[in-house]
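Step one of this worksheet: look at the structure below.
Number of protein chains: 2
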Amino acid sequence: MPQQTAPSSDAPRYVVGVDLGGTNIVVGVMPEDGSREIAMRSQPTRADLGADVVVDRICQMVEDAITIARAETGATREQFVGVGVGAPGPLDRGRGVVLIAPNLGWRDLPLRALIMDRVGLAATLDNDANCATLGEWWTGAARGARNVVGITIGTGIGGGLILDGRLYHGSSDMAGEIGHMTIDSNGRRCNCGNYGCLEAYASGPAIAERAREAINADEPSVLSSLVGGKLERITAQTVYEASEKGDPLAREVVRDTARFLGAGIANLLNTFNPDCVVIAGGVTQAGDALFEPLNAEVRRRAFRPVVEACRIVPGILPGSAGVVGAVATFLQQNQ
Amino acid sequence: MPQQTAPSSDAPRYVVGVDLGGTNIVVGVMPEDGSREIAMRSQPTRADLGADVVVDRICQMVEDAITIARAETGATREQFVGVGVGAPGPLDRGRGVVLIAPNLGWRDLPLRALIMDRVGLAATLDNDANCATLGEWWTGAARGARNVVGITIGTGIGGGLILDGRLYHGSSDMAGEIGHMTIDSNGRRCNCGNYGCLEAYASGPAIAERAREAINADEPSVLSSLVGGKLERITAQTVYEASEKGDPLAREVVRDTARFLGAGIANLLNTFNPDCVVIAGGVTQAGDALFEPLNAEVRRRAFRPVVEACRIVPGILPGSAGVVGAVATFLQQNQ
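Protein sequences, first through last, are from chains D and E.
As numbered in the numbering used here, residues 16 to 350 make up the first sequence, in order.
As numbered in the numbering used here, residues 16 to 350 make up the second sequence, in order.
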């Protein structure tokens, strides 16, 4: 495990981390002791330009990060031992292939080999939500925990599991699809085709949609004026802003979000009995307005000893958890 | 792991397994290679007579099992190396204490020490649902799997998790409380005080109750004649019987049970990505009438690669999984 890795010589080893998302690519460098983040940079993914262009951009960002990090640390190129990559979608970790990534329009792309060939370094590939969880565990909010559930809330809801100090991948690298947990078997339709998934209630777009529905039901709100009457412009972000301003409708939407998330998290507590749940993504901006009712719902639904064993915290590495975790996965797989 | 344990000498070692339930105590002996079950016996628990009497009975059954097994195998007393105990309720495994067992009326009972003192052998204590899962994995229906979810459906719904070939206990020995997963956040009230738990739909008593509700709603059924008009006598068992006879109401109740279980199991597939789910308990008597709609619901709700990675099977050790698993836990903890 990275936390327990001692430098193998006086010259510290460095690893490049890549966090590939549908909107942005983030790349940075860390020494193997995890003590700092170096040369952290973000660029738009521009998946519309095609896989070749995206892979080019990733490799260029890796080279740039190494150049900047060498200038900052005085390290030689040989001290850079590898690249950890976090990517969305079902993956074949063993072969380093992105099987399907709808947001990128990719299918069966051998991303690890492409990066290794171009950069000339060893590389590993893991799921982006797994990386974000491992990042928060290695140097962030879940530090010191043994069993961690990580939940990343954005356009979708992703999850990662650390059990007994290691990422748990499941039997076909698909573990942690927390967003598609049924919390209401006859409930709202989800993009996945099912009904009542957590994601259909608590993802960013679902939060915005529930707000629009409430406004269309003629409940008064400052939300419509915030978006100049164009309800389609409402996002989860505008809901948090209106909630902070005390708008009753927005506050109700945030409270409901907390209840849905609380039911999902209680399920995870009752089955995994983790010592830490770390929640990342825009939704954490809602602060206490979210976390207070969320904790109350978890206490209501999960067993007391399970609740007492667990802290539920917001992530503290919003811009870099994915990169930090990608570095950590590389180190866990190359000890 | 027991499967990989070779006998340490020519004289095989034997372990006694104890499965303590609210209704019955089952005790048996196995050699450390798991090749056979010896001297398997069951007696009523009679928890109403008090903890002392129950512990006496357990110890007497352990002694009897050793005597019978020695007569059958010619083994010496020294070849019996320990006792594995499976017991209900939240436990403190480290101290070997049953913290709370409502069905037994126990609180903070140091069961492991009591048995060790009386029998003069090393002992381990683990949760009964964990033991049942480990038993099906060691010599039963989940054999050969790496990641297993075990579900035991009786008066309640219990669960056990085997991840990467070992029992997963969670941060405070409470992992696997599958019965209290919310599948309908505004749904039926559960005995635990919450709403919409899987157990409130698919436990034995919940199945009987849903059948009674349908009859009270004036739906015709042979069920009422099966119990001589005394609806309170309907059990899950009578529902399965009526379903087998083709009674439409009972068949609908079984189909609904399958759908509820399917939603719960789909949640477990999407989060754990196991290669085997093994279902034990009376509900498996419903056979294909249960498993066909259950599989259909799982396919509808879980991701395809996750469904394809997993087989869902009934347990094949209905009388002895708990004992077999108790032996296996002893061996896993005493390698």
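All C-beta atoms in this analysis are idealised placements derived from N, C-alpha and C, irrespective of residue type, glycine included.
Neighbourhood of residue i by C-beta distance below 8 Å, restricted to the same chain and skipping five residues each side
| i | result |
| --- | --- |
| M189 of chain D | P105 |
| N349 of chain E | V96, G97, A137 and T139 |
| L182 of chain D | D141, N145, T148, L149, G175, L176, T344 and Q347 |
| D132 of chain D | none |
| P59 of chain E | T38, N39 and I40 |
| G185 of chain D | G191 |
| V68 of chain E | R61 |
| G334 of chain D | V41, M55 and S57 |
Whole-Å CB distance - residue i paired with residue j, under 8 Å assumed
| i | j | result |
| --- | --- | --- |
| I198 of chain E | A226 of chain E | That pair is no contact at about 19 Å. |
| L213 of chain D | I172 of chain D | 6 Å |
| R274 of chain E | E312 of chain E | 5 Å |
| A232 of chain D | T272 of chain D | Between T272 of chain D and A232 of chain D the Cβ distance is about 17 Å, and since that is not below 8 Å, they are no contact. |
| V41 of chain D | G337 of chain D | 6 Å |
| V268 of chain D | A229 of chain D | 7 Å |
| G330 of chain E | A295 of chain E | 4 Å |
| C291 of chain E | A157 of chain E | 5 Å |
| G49 of chain E | T154 of chain E | 5 Å |
| R4 of chain D | A221 of chain D | There is simply no residue 4 of chain D to check, as chain D begins at 16 and stops at 350 in what is shown. |
Run of the alpha helix (DSSP H) containing residue i, from where it starts to where it stops
| i | result |
| --- | --- |
| M76 of chain D | A66 to T88 |
| P308 of chain D | D303 to R316 |
| P46 of chain D | That residue, P46 of chain D, is in no alpha helix (DSSP H); its beta strand (DSSP E) goes N39 to P46. |
| R319 of chain D | R319 to E323 |
| G337 of chain E | A336 to Q348 |
Continuous beta strand (DSSP E) stretch holding residue i: start and end
| i | result |
| --- | --- |
| F59 of chain E | Note that residue 59 of chain E corresponds to Pro in the displayed sequence, not to Phe. I53 to P59 is the span of the beta strand (DSSP E), which, as asked, contains P59 of chain E. |
| Y216 of chain D | Segment E214 to A217 is the alpha helix (DSSP H) holding Y216 of chain D; no beta strand (DSSP E) there. |
| T139 of chain E | A137 to N142 |
| G296 of chain E | C291 to G296 |
| G97 of chain D | F95 to A102 |
| G330 of chain E | Where G330 of chain E is concerned, there is no enclosing beta strand (DSSP E), given that its DSSP letter is neither H nor E. |
| G49 of chain D | Taken as a continuous stretch (DSSP letters only), G49 of chain D belongs to no beta strand (DSSP E), as it is neither H nor E. |
| G32 of chain E | Y29 to L35 |
Cβ of residue i within 9 Å of any chain E Cβ
| i | result |
| --- | --- |
| P320 of chain D | yes |
| A317 of chain D | yes |
| E93 of chain D | no |
| P117 of chain D | no |
| P308 of chain D | no |
| E151 of chain D | no |
| A281 of chain D | yes |
| C325 of chain D | yes |
| D67 of chain D | no |
| P103 of chain D | no |
| E267 of chain D | no |
| D199 of chain D | yes |
Residues near residue i in its chain [Cβ-Cβ closer than 7 Å; skip 5 each side]
| i | result |
| --- | --- |
| A317 of chain D | A281, L284 and N285 |
| V342 of chain D | V30, G32, M45 and G99 |
| A223 of chain E | I249, T250, A251 and V254 |
| C74 of chain E | I130, R133 and V134 |
| V242 of chain D | R248, I249 and T253 |
| A21 of chain E | Because the pLDDT at A21 of chain E is just 45, under 50, the model does not fix this residue reliably, and the point stays unresolved. |
Own chain, CB closer than 6 Å to residue i, minus 5 neighbours either side, in chain order
| i | result |
| --- | --- |
| L35 of chain E | A102 |
| L129 of chain E | V70 |
| I83 of chain E | A54 |
| V235 of chain E | According to the sequence provided, residue 235 of chain E is Pro. The question's Val does not apply to it. Taken in chain order, the list of residues that qualify is empty. |
Min CB distance residue i to chain D below 9 Å
| i | result |
| --- | --- |
| N142 of chain E | no |
| T6 of chain E | No information on residue 6 of chain E is available, as it lies outside the stretch 16 to 350 that chain E covers here. |
| G111 of chain E | no |
| L178 of chain E | yes |
| P220 of chain E | no |
| T286 of chain E | yes |
| E224 of chain E | no |
| I294 of chain E | no |
| A229 of chain E | no |
| R161 of chain E | yes |
| P289 of chain E | yes |
| A278 of chain E | yes |
| R274 of chain E | yes |
Residue i beta carbon near the ligand COA (any heavy atom closer than 8 Å)
| i | result |
| --- | --- |
| G208 of chain D | The ligand COA is not among the ligands present in this structure, which contains no ligands whatsoever. |
Below-9 Å beta-carbon distance, residue i vs any chain C residue
| i | result |
| --- | --- |
| M196 of chain D | In the structure shown, chain C cannot be found, because the protein chains are D and E. |
Whole beta strand (DSSP E) elements within the region 156 to 212 of chain D, 3-residue minimum: 163 to 168 and 172 to 178
Beta strand (DSSP E) runs wholly inside the region 221 to 284 of chain D, at least 3 long, in chain order: none
Every unbroken alpha helix (DSSP H) inside the region 107 to 137 of chain E [4 residues or more]: 126 to 134
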